[in-house]
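Numbering (the working numbering), first residue to last: 1260 to 1428.
C-beta atoms are modelled at their ideal positions from N, C-alpha and C, and glycine is treated no differently.
These numbers were taken from a predicted model, which means no experiment stands behind them.
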């Protein structure tokens, strides 16, 4: 009799707890609970200096990061959360000049303009410019370090965008 009672209590407790869910995130992200979908528009390169593969590299990386760091489904078109924008800057400039007026270091800077729309909370919508850079030895040609620099800068930009949209820094 006691065994049957304990089994019944355990079954009731288990079924009651299975309906409870707690939403948490180690990143501190606060993604709207009712959001199920997200869309990422193609980020066209509108910078004065164009790097041919940057648009697709950046767009793909942003999609990948958002999907991997949320439980949202990526769709084309109208979604609960929407990211659109363009690449507005891609430049290389000298950063430190040596005594012989030659650059010791060059800086690659990438800037993107992002528009974020949250269908459930218009107060969290934003349109903001994000910019990141990497310095590299001026003795190296840009073409020899460009892909690695783009990857590093893109990682930081994508993280900044995620933080702004979902962590509200």
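Simplified DSSP state of residue 1420, which is helix, strand or coil | Here residue 1420 sits in helix by DSSP.
Residue 1346 (DSSP reduced to helix, strand or coil) | The DSSP-derived three-state label of residue 1346 is strand.
With a 10 Å radius around its C-beta and 16 neighbouring C-beta atoms as the bar for buried, classify residue 1304 as buried or exposed.
-> If you draw a 10 Å sphere on the C-beta of residue 1304, you find 16 or more other C-beta atoms in it, and that means buried.
Who are the near neighbours of residue 1384 in its chain, counting only those whose CB is closer than 7 Å to its CB and skipping five residues on each side?
-> Within the same chain, 1375, 1376 and 1377 come within 7 Å of residue 1384 by CB-CB distance, once the 5 residues on both sides are set aside.
Three or more C-beta pairs below 8 Å linking the region 1400-1407 and the region 1415-1428 = Touching, no.
List the residues that DSSP assigns as beta-bridge partners of residue 1353.
-> Per the DSSP secondary-structure output, residue 1353 pairs in a beta bridge with 1365.
State buried or exposed for residue 1373, treating a residue as buried only when at least 16 other CB atoms are found within 10 Å of its CB.
-> So residue 1373 ends up on the buried side.
Could you give the DSSP three-state label for residue 1359: helix, strand or coil?
-> When secondary structure is reduced to three states using DSSP, residue 1359 falls in the coil class, being assigned neither helix nor strand.
Flag this pair as yes or no: are the beta carbons of residue 1338 and residue 1365 separated by less than 7 Å?
-> With contacts defined by Cβ atoms closer than 7 Å, residue 1338 and residue 1365 do not form a contacting pair.
DSSP on residue 1411, reduced to helix/strand/coil?
-> Residue 1411 falls in the helix class under three-state DSSP.
Can you name, in chain order, every residue of its own chain whose Cβ lies under 7 Å from the Cβ of residue 1322, other than the five neighbours on each side?
-> Excluding the 5 residues flanking it on each side, residue 1322 has same chain C-beta neighbours closer than 7 Å at 1299 and 1333, in chain order.
7 Å Cβ cutoff met for residue 1369 and residue 1420 | No, Cβ-Cβ distance for residue 1369 and residue 1420 is not below 7 Å.
Using alpha carbons as the reference points, say which of 1371, 1381 and 1393 lies closest to residue 1316.
-> Among 1371, 1381 and 1393, the Cα nearest to that of residue 1316 is on 1371.
Output the distance between the C-alpha atoms of residue 1423 and residue 1359, rounded to the nearest integer angstrom.
-> Going by the C-alpha atoms only, they are around 42 Å apart.
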